[in-house]
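Counting in the working numbering, the sequence shown runs from 471 upward without gaps. Glycine included, each C-beta is placed from N, C-alpha and C at the ideal position. The model shown is predicted, which means the values in this text are computed figures rather than measured ones.
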Amino acid sequence: MLGRLRRYSVGEDEEVLARARQHFVVLLVPILLMVVLAGADVAAIFVYTWLPIMIKLAGLVLLILCAIYYVGAYLRYRSLEVVVTSARVIYLSGVVTTVRREIPLDRVAEIGVQSSIVQRLLGMGTLRISSSGEDPDLLIPSIVEPGEATRAINTAIEARQRPVRQAADRGTGASESPLDKIAALGDLYKRGLLSKDEFEVAKADLLRRL
Numbered sequence: 471m472l473g474r475l476r477r478y479s480v481g482e483d484e485e486v487l488a489r490a491r492q493h494f495v496v497l498l499v500p501i502l503l504m505v506v507l508a509g510a511d512v513a514a515i516f517v518y519t520w521l522p523i524m525i526k527l528a529g530l531v532l533l534i535l536c537a538i539y540y541v542g543a544y545l546r547y548r549s550l551e552v553v554v555t556s557a558r559v560i561y562l563s564g565v566v567t568t569v570r571r572e573i574p575l576d577r578v579a580e581i582g583v584q585s586s587i588v589q590r591l592l593g594m595g596t597l598r599i600s601s602s603g604e605d606p607d608l609l610i611p612s613i614v615e616p617g618e619a620t621r622a623i624n625t626a627i628e629a630r631q632r633p634v635r636q637a638a639d640r641g642t643g644a645s646e647s648p649l650d651k652i653a654a655l656g657d658l659y660k661r662g663l664l665s666k667d668e669f670e671v672a673k674a675d676l677l678r679r680l
């Protein structure tokens, strides 16, 4: 999987935080179909020998088509992956024709998980990622433990926003004069959030800076 990510130019300065895959339950339908058809074909050949040969051939053709369907479903299952990096969310799918979509973390507007009771018991659900642009929502069904991908995305967004907030806080602090800070301390003292001694010590320290 990492080789595929490198082939699709994940930046060297990006850190892969989480990967999410589909639950194997998506393969149950084609597997059950093959089992049922194989059983019916065996019964038609060895038990119901009186059936016309065309019906038996039709059963074999259906079994072959079901096997092809299973191979396609298995390849889709193996190729689908959601990757959360420190800069974006990447969706990869497809073998012959690869589908790739990425959403920068700065454009992630909302993350949601939809799961029924049965899906919750199996530890799976549909992951929905909304973009702040005009792109449609990214819906990935039957993802294993979608909550882990959600937490990874939220953690990555928080990490990217933290330096911006810290810079803004530093800029706000630098623009305030000591007198403004004394006024703010006085307001806290009046509201009972500071004791008189705490207020006097902080005020004296600010007055020395004038």
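Does the beta-carbon distance from residue 510 to residue 529 come in below 7 Å? Taking 7 Å as the cut-off, the Cβ atoms of residue 510 and residue 529 count as close.
Segment limits, beta strand (DSSP E) that includes residue 487: 486-490
Let me confirm a value: residue 590 is counted as buried when at least 16 other C-beta atoms fall within 10 Å, else exposed. Which label applies? exposed
Under the three-state reduction of DSSP, which class applies to residue 528: helix, strand or coil? helix
Element boundaries [beta strand (DSSP E), containing residue 552]: Where residue 552 is concerned, the enclosing beta strand (DSSP E) starts and stops at 551-555.
Please work out which residues of its chain come closer than 6 Å, Cβ to Cβ, to residue 611, disregarding the five sequence neighbours upstream and downstream, and give them in chain order. Cβ neighbours of residue 611 beyond the five flanking positions: 596.
List the endpoints of the continuous beta strand (DSSP E) containing residue 571. 569-574
In angstroms with no decimal places, state the Cα-to-Cα distance between residue 502 and residue 609. Roughly 26 Å separates the two Cα atoms.
Quick one: does the C-beta of residue 605 sit closer than 6 Å to a heavy atom of the ligand ADP? As presented, the structure is devoid of all ligands, the ligand ADP included, so that no description of it is given.
Ordered along the chain, which non-local residues of its own chain (more than five positions away) have a Cβ less than 7 Å from that of residue 672? 655
Whole-number beta carbon distance between residue 565 and residue 559, since they are thought to touch under 8 Å: With a Cβ gap of about 21 Å, residue 559 and residue 565 do not count as contacting.
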